[in-house]
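I have placed the structure first, in the form of structure tokens, so that the comments after it can refer back to it.
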Amino acid sequence: MLFVCRANRCRSAMAERLAHALGLSAESAGTHAVPGLEMPAHAETVLREHGADPAGFASRRVGPALLLPAPLVLTATRAERAHCVTMAPAIAGKTFTLRQYARYLAALPDGPVTLRDISAVRGRMQPGKPADDDLDDPFGGPIEGFRECAGTLEDILRLLASRR
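Under my numbering, read the sequence shown as residues 38 to 201, first letter to last.
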């Protein structure tokens, strides 16, 4: 799966590394990323607190070459989802915000879930409000914001991992 946020230094970077810690295959990128930047120190600290390894991370910019082969694209916000789908319209059916995807998973019965199942529930549920779908960016803030973000990400990723 591919995680996408704006700069690929906090939300998507932490999601990638938390996913790896849970045994999930994941990559990350940013819609406006400057390639080659490290995560902020707070992100690295929080990842270690969650048992994830931040070592060797470098930001990268999203593009069709990453989007098209990804089996699932999970974005931090609606704006990033729109950016990705505009860049590669063919991915619309496999692209969700992280919180949106978690809401759809939670609405399905226990057991393994396919993209077809998610698409069916997507068609039945009312759209969420932006506040329901968007994950706040902790960049530039105190470590507590990074902890809150990582906690939300880990909850979503644990739910996702349990449904595979």
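Using N, Cα and C, we set each Cβ at its ideal position, and we do this for glycine too.
Please read all numbers here as calculations on a predicted model, not as lab measurements.
Practice item. Taking 7 Å as the cut-off, decide whether the C-beta atoms of residue 131 and residue 152 are in contact. Key: Mapped onto the sequence shown, residue 131 falls at position 94. Mapped onto the sequence shown, residue 152 falls at position 115. Yes, Cβ-Cβ distance for residue 131 and residue 152 is below 7 Å.
Review point. Who pairs with residue 111 in a beta bridge, going by DSSP?
Key: Against the sequence shown, residue 111 aligns to sequence position 74. According to DSSP, residue 111 bridges with 40, 133.
Review point. What is the DSSP secondary structure of residue 66, reduced to helix, strand or coil?
Key: Within the sequence shown, numbered from 1, the residue matching residue 66 stands at position 29. In the structure shown, residue 66 sits in a strand (DSSP, three-state: E or B).
Exercise for review: Decide if the stretch 38-54 is in contact with the stretch 177-186; the criterion is three or more beta carbon pairs, one per stretch, under 8 Å apart.
Suggested key: yes
Review point. Pairing CB atoms from the stretch 85-99 with CB atoms from the stretch 54-71, are three or more of them under 8 Å?
Key: yes
Review point. Taking buried to mean at least 16 other C-beta atoms within 10 Å of its own C-beta, is residue 250 buried or exposed?
Key: Nothing can be reported for residue 250, as the shown portion of the chain is limited to 38 through 201.
Review point. Which two residues bound the contiguous alpha helix (DSSP H) that contains residue 83?
Key: Residue numbering aside, residue 83 sits at position 46 when the sequence shown is read from its first letter. Unbroken alpha helix (DSSP H) run through residue 83: 78-86.
Exercise for review: Return yes when the Cβ of residue 170 is within less than 7 Å of the Cβ of residue 112, no when it is not.
Suggested key: Residue mapping note: residue 112 aligns to position 75 of the sequence shown, counting from 1. Residue mapping note: residue 170 aligns to position 133 of the sequence shown, counting from 1. Not in contact: residue 112 and residue 170 (Cβ atoms no closer than 7 Å).
Check your understanding: According to DSSP, is residue 54 helix, strand or coil?
Key -> Taking the sequence shown and counting its residues from 1, one reaches residue 54 at position 17. Correct three-state label for residue 54: helix.
Point to revise | Endpoints, the alpha helix (DSSP H) within which residue 151 is located | key: The sequence position of residue 151 within the sequence shown is 114, counting from 1. Element bounds for residue 151: n/a, residue is neither H nor E.
Check your understanding: What does a CB cutoff of less than 6 Å around residue 59 pick up in its chain, not counting 5 residues either side in sequence?
Key -> Taking the first residue of the sequence shown as 1, we reach residue 59 at position 22. Excluding positions up to five away in sequence, the list reads 194, 198.
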